[in-house]
Each structure stands twice: as structure tokens, then as C-alpha cells.
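Under the working numbering, read the sequence shown as residues 23 to 633, first letter to last.
Everything below concerns the one structure shown next.
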Amino acid sequence: MLALLASGSSRSSSNNKLAESENSAQNSNNMSWGTELWDQNENLAIHTNRGIDALDKFANFLRDRVAIETEYAGKLRRLVKNYQPKKKEEEDNEFTSVQAFRNLLKEVGDLAGQREVVSESLQLQIIAGVTLLSKTLREDRKKCLSDGATLQQNLTTQLSSLDRAKRNYEKAYRDSEKAVDSYKRADMDLNLSRAEVERYKNVMTSKIQQSDDAKNEYANQLQKTNNLQQQHYSMLLPSVLNRLQELDEKRTRGFREFIVGAADVESSVAPIIARCMEGIVKAGESINEKEDTFKVIERYQSGFTPPRDIPFEDLSKCDPDSVQESHYSNSTSNHLTIRGTMSANKLKKRVGIFNIFGSNKNSLTADGQKEDFSDLPPNQRRKKLQAKIAELTQNIAQETKARDGLMKMKIVYEANSSLGNPMTVEGQLNESEHKLEKLKVDLKKYQGFLEKASQVPTATSSPQASRNQLQNGHRTSRHSNGSADDHHDDGDDQPDDAGSLSSSASPESGLGTSHTSLPGSGQGSANENAIGEDTYYETEVETLNPVGKCRALYPFEASSEGSIPMNEGEELQVIEIDQGDGWTRVRRENNSNGWDEGFVPTSYIECTLYA
Numbered sequence: 023m024l025a026l027l028a029s030g031s032s033r034s035s036s037n038n039k040l041a042e043s044e045n046s047a048q049n050s051n052n053m054s055w056g057t058e059l060w061d062q063n064e065n066l067a068i069h070t071n072r073g074i075d076a077l078d079k080f081a082n083f084l085r086d087r088v089a090i091e092t093e094y095a096g097k098l099r100r101l102v103k104n105y106q107p108k109k110k111e112e113e114d115n116e117f118t119s120v121q122a123f124r125n126l127l128k129e130v131g132d133l134a135g136q137r138e139v140v141s142e143s144l145q146l147q148i149i150a151g152v153t154l155l156s157k158t159l160r161e162d163r164k165k166c167l168s169d170g171a172t173l174q175q176n177l178t179t180q181l182s183s184l185d186r187a188k189r190n191y192e193k194a195y196r197d198s199e200k201a202v203d204s205y206k207r208a209d210m211d212l213n214l215s216r217a218e219v220e221r222y223k224n225v226m227t228s229k230i231q232q233s234d235d236a237k238n239e240y241a242n243q244l245q246k247t248n249n250l251q252q253q254h255y256s257m258l259l260p261s262v263l264n265r266l267q268e269l270d271e272k273r274t275r276g277f278r279e280f281i282v283g284a285a286d287v288e289s290s291v292a293p294i295i296a297r298c299m300e301g302i303v304k305a306g307e308s309i310n311e312k313e314d315t316f317k318v319i320e321r322y323q324s325g326f327t328p329p330r331d332i333p334f335e336d337l338s339k340c341d342p343d344s345v346q347e348s349h350y351s352n353s354t355s356n357h358l359t360i361r362g363t364m365s366a367n368k369l370k371k372r373v374g375i376f377n378i379f380g381s382n383k384n385s386l387t388a389d390g391q392k393e394d395f396s397d398l399p400p401n402q403r404r405k406k407l408q409a410k411i412a413e414l415t416q417n418i419a420q421e422t423k424a425r426d427g428l429m430k431m432k433i434v435y436e437a438n439s440s441l442g443n444p445m446t447v448e449g450q451l452n453e454s455e456h457k458l459e460k461l462k463v464d465l466k467k468y469q470g471f472l473e474k475a476s477q478v479p480t481a482t483s484s485p486q487a488s489r490n491q492l493q494n495g496h497r498t499s500r501h502s503n504g505s506a507d508d509h510h511d512d513g514d515d516q517p518d519d520a521g522s523l524s525s526s527a528s529p530e531s532g533l534g535t536s537h538t539s540l541p542g543s544g545q546g547s548a549n550e551n552a553i554g555e556d557t558y559y560e561t562e563v564e565t566l567n568p569v570g571k572c573r574a575l576y577p578f579e580a581s582s583e584g585s586i587p588m589n590e591g592e593e594l595q596v597i598e599i600d601q602g603d604g605w606t607r608v609r610r611e612n613n614s615n616g617w618d619e620g621f622v623p624t625s626y627i628e629c630t631l632y633a
């Protein structure tokens, strides 16, 4: 019951408020400044001026907001630009987290664009309209006030004329009364002559006439003043005040429309901003930690097997002279573990002094890797080759389309010479054919690299040939027994791999130090031969001290001169580390002649160098 009474009372109160608002609206429609505020001309002038000032203040507010929106959009754009992935980071684009961040940046860039749209719309639609309205209102107000001032001046002038006529009438009336009194006294005075009495009479008559004329003028001015005043307060002034009222209502209405318009500008971009937010959420939800983990494995998986247990070395059964050689360190802190391990990227290759004479069969790519990626582990090498083949295939398809377009253009020009000279296309067509042929050659080359990388590991080139050294202008080939044979070649012959040449500089200088340098030079010491000389001498030492040990990861069948076979898991002594040609010189104990010495592929072994 109480709830019904409360609901009924609330409905009645709301109805009363609605009725009051309707009545106030009707009363406001019936009211006008001309009738209600006929005597508040000065206050209305002040009120209208303040209203226009408020409109200008709103315009300044919008300008400041536009400046903030523009600055915000610009800072968002700079933020997106600063955090765009660098070229060296492009290889990480395959990870879902990196892709999500790039999508986030894209959506933030779109948000910046929407803030720019808001700024431009406010500037062109709202601020321009407010400025124009303010200017129009000030001009109309000035004209209204000028007309009102003119009407008030006319009324004031008429009132002044009336006041002057009234004062003249009052003075003439007093003068006429005085003249009448003077005539009466003169007429009663027996001592005055008739002529003097007649003079007083004439003065009285003149003054009475002047009084009547002033009275008539006063009555005339009074009538004019009343007519003008009635017209002023009933028609002229209300017209001006009503114009001021319309002007102020126009300002108020414009204020409302511009505020709503500014909100509409914001609302118009709200759906796009909402879609940007949805895109950011979608980008975040697209991150898959398992997929990223798989891609990390796919990227860095070398294909090698973990190292086996280190065998125990009984020093009592070893040659005393080789006791010092058997000491080694298997700690990962020395960063000497060769390719395929975590520290492989810290091992710098040594470049020979004669690198400028080397052939380009092992030329380096832009990122410092070999052309055939033979310096990478097997899995990574295959992936690099596959990516290179895909890139070349795409380039061939694009160049083929370009060539076909040039051929069609040439045919059209030959059919209609007015369209163009076919000879102008001939040069471009030849250049395109040349590019296409070069791309096909590169594709075939990399397909061969991939085919070799996918086959069972076999030697593809002789380590003997890749380790040729210059000795007095001749080549010196190392054989498995450590001897050297001289082969007289033409002066045009160059070493097969410049990176395999030994030099006398330190590793920090980029010039490798060979373990087979001149006797007495010592491992890692500087060669006494001058680098600047035209000839380069190197003398083989018959017995080389091992610099480390290695274990075969894969079986290897020696099929070229200077190489030796090995079985999987076999342990060998490292005589000379890889000089950049992909081959490592090793030695094994042989019961027949003491030692077998030769070269094996570096990627097939896991080396541990002595400390």
C-alpha cells in the first residue's frame, strides 16, 4: 500500500514538473525583451556582450583542444615510428609475440589517425562555425546598439525641446503677469499722464501675446514629445530590443549546436577506435607461447647430438712427453667449443693476409656468412638455403612478369609505331633477360647447395686443395704425412681459399696464426717474415703438437686428397683448427706407421681445445 502511494506521489510530482516546464516554455514564448525589459537597455547590452564573449571562450577552448589532439596524434605517430622493428630485427617477425607487437603498433597508428580526424573536423566544422557566428553576432549587436542609441538620442532631443518650450512659456507667463500688474497700477495712479498709461497698456498687451505664443509652442512640443515617446516605447525601442533578443537566442542556439556537433565528431570516430581496440585485443590473443617455443627450436636447432662422456685418461699409461699435451679444459666458460653450440657465435674466423687473392667460392654474404652457408649446422644450413631459394623463385617470377610486359609493349610498338619506338624497349628487354638469366643461374646454384646439404655427409672438395699455400710463388700442398710438394703453376693461379692462408699477425688483427708456422716461432707468436714482402714462406714442421681433441659426430668417408676417414664417435687429435675453409686437420694413432694425419669436415666433429 505504501509502495503504491509512493509510486502515485512520484508520478504526480513528475507530472507537475512536466506541466510547470510546459507552462514556463509557453510563458517564455509569450515574453519578449521589448515589452518586459523596455527600461533595461544598458543591462541588455552588457548581457549580449558577455554572451558573445562566452562563445569566443568556447572557440578558444576548442582551439586548445585541437592543439592537444594534434600534439597527441603526432606523439603517437612518433611513438609508433620509434618502436618500429629495425632491419636487423626482421628475422624475429616469425614469433607471434613480435607479430602481435607489430599489429599493436599498427592499431596505435590508426588511433593516431582518428585523433587527427577529430582535430581536423573540430577545426573545419566547429571552430570555423563558432568564429563566423561570433563575428556575425558582434556586427549585428553593434548595429542594434547603434539604432537604439539613435532612437534614444531622438527622444532626448525632443524632451530637451519640450523642456525649453516649457521654460519659455513660464517666463512669458510671468512677464505677462508683471505687465498686467504694472498697467493696473499705472491706470490707478492719477499722477501719470494718459500717454504713459497707454504705454503700460501696450506693454501688457505685448507680454500677453508673447505668453500666448509660448503657451502654444509648449503645447505643440508636448504633443510631439508624447507622440514620439509613445512610438519610442511601443514600437521603435521594442523592435531594437527584440532584435537583441533574437541575436542572443541565435547565440544560445549556436552554442547548443556546436557542443552537440563537437560530441558528434567524437562519436563518429568512436566505432573506428573501438575496432582499433578490438584489433589490439586480437593481437594480444594471437600470441601463442607454444608456437614461439617451437619456432625457437626450429631456428636454433643444430642437428648435432649432445657430447658423450669424457673418457678417463690414465697418465701412467701415457707417453711422458705427451702428458703436457693431454691437459685440456672441457668447461664451457672458456668459449672454445666449436660450431653448433651456444658459444659458436663467439669464435671469430681468421682471415689470411692474401684474402684479396682468394676465389669467390666461399664468398661471404651480407651478414658475414658463407655463400653456401656451409659454416652453419646442417639444419640451419638447409633452412637458410630453402629461404634463399624461395627468395630467388619469387624474384624470378617478378622479373618474368616484367619481361613479358616489355615483350608485349614491344609487339604493340612494332604493330603501331605511332605509340612508341620499339628500340626504346629493346635495351630494357635485354637488361631484363640478363637479370632473369642471372637469377636462374643463382637458383640452380643454390638448389645444388641444398641437394648437397640434404645428402648423406660426404666430402665435396679436397681439403688438400683448400689448404694450398704460396711458397716462393709456387703452391705447397700438405699431405697426410706432413710433407710438402711443390707444384709449378702459372702466375695466374690463386689459392682456392684465401681464408686458409696462414699469416704472422695476431687473431685480433684479423690475420690467422698457423700452428704450422716456422720452427721456433711458437704457437700464437708473430711470424718474423715481413707481411709486406711479395713472397710468403711457410715451412712445415714434421711433428705438430696437438691443440685439442675432437669427437666425430658423423661417419666420414675420405674421397679426396689429403682427407682421412673417421667413424662416428671416434676421438682424434686436433692438429690445426679450421682456417675458414670448413676443414680441420686431425691426427689418429695408427699401429702400422704410428700416425694417420689429414683433414676432416669441421661440421662433422665436435672439438675441445686445450687451455
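Backbone N, C-alpha and C define an ideal beta-carbon position, used for all residues, glycine too.
DSSP state of Asp464 mapped onto helix, strand, coil: Note: Asp464 maps to helix in three-state DSSP.
Span separating the alpha-carbon of Lys405 from that of Tyr468: 12 Å
Leu594 - partner residues in DSSP beta bridges: Answer is Cys572.
Sequence-distant residues of its chain with Cβ nearer than 8 Å to Leu144 (five each side left out): Leu84, Arg87, Val88, Glu91, Ala284, Val287
Phe117 burial status per 10 Å Cβ neighbour count (16 or more: buried): buried
DSSP state of Ile627 mapped onto helix, strand, coil: strand
For Arg404, the first and last residue of its enclosing alpha helix (DSSP H): 400–437
Validate contact between the region 247–267 and the region 107–125 using beta carbons, cut 8 Å, 3 pairs: no
Through-space distance from Asn401 to Asp394, alpha-carbon basis: 13 Å
Backbone secondary structure at Tyr632 - three-state DSSP: coil
Of the listed residues Asn443, Glu448, Val463, Asn438, nearest to Asn417 (C-alpha basis): Val463
Nearest to Lys457 (by Cα), restricted to the options Glu421, Glu413, Ala134, Asn115: When C-alpha distances from Lys457 are compared across Glu421, Glu413, Ala134, Asn115, the shortest belongs to Glu421.
Residue(s) in a DSSP beta bridge with Gly637: Look at the range of the chain in this structure, 23 to 633, and you will see that residue 637 is not part of it.
Pairwise C-alpha distance: Arg275 and Val282: 11 Å
Boundaries of the alpha helix (DSSP H) in which Leu242 is found, first to last residue: The sequence given here places Asn at residue 242; Leu does not occur at that position. If you look at Asn242, you'll find it in the alpha helix (DSSP H) that goes 216–253.
Supposed close pair Arg610, Asp618 - CB separation, criterion 8 Å: 5 Å
Segment contact flag, the region 210–229 with the region 242–262, C-beta cutoff 8 Å, min 3 pairs: no
Per DSSP, the bridge partner or partners of Ser581: Under the DSSP definition of a beta bridge, Ser581 lacks any partner.
Contact set for Arg321: own chain, Cβ-Cβ below 6 Å, skip 5 residues either direction: none
Nonlocal neighbours in the same chain, by C-beta distance under 6 Å from Gln232, ignoring five residues either side: Ala194
Thr480 to Gln323 span [Cα, whole Å]: Residue placement at Thr480 is poorly supported in this model, since its pLDDT is 41, which falls under 50; the coordinates are not used for a value here.
Met588 - partner residues in DSSP beta bridges: Phe578
Rounded straight-line distance, which links the Cα of Asp397 to that of Pro623: Pro623 and Asp397: Cα-Cα distance of roughly 10 Å.
DSSP-derived helix/strand/coil call for Arg330: Of the three classes helix, strand and coil, the one that applies to Arg330 here is coil, per DSSP.
Buried versus exposed call for Pro328 [16 or more other C-beta atoms within 10 Å across all chains shown]: Exposed, because fewer than 16 other Cβ atoms sit within 10 Å of the Cβ of Pro328.
Cβ neighbours of Val139 in the same chain (closer than 6 Å, five flanking residues each side left out): Val291
Expected contact under 8 Å - CB spacing of Asn115 and Ala305 to nearest Å: Actually they do not touch by this definition, with Cβ atoms about 14 Å apart.
Cβ-based neighbour list, Val447, same chain, cut-off 7 Å, excluding 5 preceding and 5 following: Cβ neighbours of Val447 beyond the five flanking positions: Leu428, Met431, Lys432, Tyr435.
Residue interval of the alpha helix (DSSP H) (run including Leu181): 150–210
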